[in-house]
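Remarks on the structure that follows.
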Amino acid sequence: MQVFLVGGAVRDNLLNIAVKDRDWLVVGSTPEEMLSQGYQQVGKDFPVFLHPKTKEEYALARTEQKQGNGYTGFICDFSQAISLEDDLARRDLTINAIALDQEDQLHDPYNGVKDLNDKILRHVSPAFSEDPLRVLRVARFAAKLNYLGFKIADDTLDLMRLISIGEELDCLTPERVWIETEKALNTPNPEVYFKILHDIGALKTIMPELDRLWGVPNPKLWHPEIDTGIHTMMVLAQSSQLSGSSVLRFAALCHDLGKGLTPQECWPSHHGHEKAGINVINSMCKRLKVPNQYRELAVLVSEFHCHFHKAFELRAETWLKVFDRCDLWRKPDRFEQIMLASYADFKGRKDFENKTYPQLDYVKELVVETQKITAKEFVQQGLKGLEIKAAITQKRLESIDKIKAKFH
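For the record, in the sequence shown the residue sitting at position 80 is 80 according to the UniProt record's numbering, with numbers rising by one throughout.
See below:
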């Protein structure tokens, strides 16, 4: 049998990107031979084995034949006759269809190295269109490698469009959609993923709540970019510069979903969009099975991001309600994410990137000073129960008013 390093490890090594995981391909072997050498089988639909020492995955070479709808409708052949070229032919992109043998020789039957050098994401064969999940995967790779200048080949984009206008995307499970989307949120340029999916018509199938923001106008004074979809992509890009947290980036992505519900006759005003977005976010997260930490932060950012823009106008009582509603006292790190998402919302507008945002420093000082006020001093004064709560509230209000006077 022959063993090859394949996939992302080969690609990333050629791009001088740190390799996280290694996948191995075994040609000319059988499940029985693998088991006899101490490998542990973990795959059912096709044999995948864990190395007896390293525990890395070793898969038998295989081919796939489309038999049904979706990304699972395949019959696999993993006989000993399957060649390296046969196996690589079923892969999505040429840059992922390069193998490295145990003598450190590259095997590149589909010119993946050339496409790496040309910074092109190109499908290996027409069989690309048989798997709808590849639409999301290619968009994710575009987001991952955008900073290196990679672009999707025109003919690959055409295939992605054809898949998107059909019914194949409907066959993707919510779990798979979320897995790819979460991975995209962790790339250097997650906005590229959503922009591509919008442009090819895929986003309206997997995330219609987001897709309908394109074409919805905002007031030009505060949004020179006008279009809400464009603004959302700019906010997502800004959030990625501010934080590596995919949870925060998802909140930035969702912050204006309520604007998609505004009646056209009310455009470009979007009164009440902050709270209107809450039900949209909850519904979308339930459908896609988004983890609660993502949903909870997105809901809070939707409801309160405009409070930060109006920070100096709000009364002390209002800020205290915001702090309580966001559970600042027990979850200060989460409140920090709410502030950053709101800051990204401000910066994510045409020509606003370098404008000052004193509201952020103001709210940060409110947070620091009000957190210093706890029950301890009032217990020492002999107060009890509701008296303590009232005393804490009153002192926090006085602290906010004092800081507000200083900033004014």
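Backbone N, C-alpha and C fix where the C-beta goes; we use that ideal spot for every residue, glycine too. Computed from a predicted model, the values in this text were never measured in an experiment.
Boundaries around Trp-24 are those of the beta strand (DSSP E), 23 to 27, since no alpha helix (DSSP H) includes it. Under DSSP, Pro-217 shares a beta bridge with Asp-227. As the crow flies, the alpha-carbon of Met-339 is around 50 Å from that of Thr-63. Under the DSSP definition of a beta bridge, Asp-77 partners with Thr-63.
The Cβ atoms of Ala-202 and Ser-240 lie no closer than 9 Å to each other. Here Gly-272 has Gly-258 as same chain residues with Cβ atoms under 8 Å from its own Cβ, once five neighbours each way along the sequence are excluded. If the five residues before and after Arg-22 are omitted, its C-beta is found closer than 7 Å to the C-beta atoms of Leu-5, Ala-9, Glu-56, all from its own chain and listed in chain order.
The three-state reading of DSSP puts Ala-298 in helix, counting H, G and I together.
Nearest neighbour of Val-135 by Cα position, chosen from Thr-205, Phe-150, Ser-83, turns out to be Thr-205.
Close CB contacts of Ile-95 within its chain, under the 6 Å cut and outside five residues either way in sequence, are with Arg-11, Gly-112, Asp-115, Leu-116 (chain order). DSSP places Gln-2 in no alpha helix (DSSP H) but in the uninterrupted beta strand (DSSP E) bounded by 2 to 6. DSSP lists Val-6, His-107 as the beta-bridge partner residues of Ala-99. A contact between stretches requires three or more CB pairs, one per stretch, nearer than 8 Å, and the stretch 290 to 301 meets this requirement with the stretch 248 to 265. According to the DSSP assignment, Leu-50 belongs to the beta strand (DSSP E) that extends over 48 to 50. Pairwise C-beta distances place the stretch 352 to 368 out of contact with the stretch 241 to 250, as fewer than three of them are shorter than 8 Å. Annotation for Gly-38: Pro-52 place their beta carbon closer than 8 Å to its own, counting only its chain and skipping 5 residues before and after.
By the neighbour-count criterion, in which a residue is buried when 16 or more other Cβ atoms sit within 10 angstroms of its Cβ, Ser-283 is exposed.
CA-CA distance, Cys-306 to Lys-220, rounds to 17 Å. Note that the stretch 220 to 230 does not touch the stretch 331 to 345; fewer than 3 beta-carbon pairs, one per stretch, sit closer than 8 Å. For Lys-119, no alpha helix (DSSP H) segment is defined, and its DSSP state is neither H nor E. In the DSSP assignment, Gln-41 is bridged to Phe-49. Annotated three-state conformation of Leu-314 is coil, per DSSP. Burial check for Ser-79: the Cβ neighbour count within 10 Å stays below 16, so the residue is exposed. Shown here for Leu-320: same chain residues with a beta carbon closer than 8 Å to its own, the five before and five after excluded, namely Thr-370, Thr-393, Arg-396, Leu-397, Ile-400 in chain order. Straight across, the Cα-Cα distance linking Asn-354 with Leu-159 is about 39 Å. Around the C-beta of Leu-148, fewer than 16 other C-beta atoms lie within 10 Å, and the residue is accordingly described as exposed. Its chain contains Pro-132, Val-135, Ile-163, Ala-202, Thr-205, Ile-206 as the residues whose beta carbon lies nearer than 8 Å to that of Leu-169, once the 5 sequence neighbours on both sides are disregarded; these appear in chain order.
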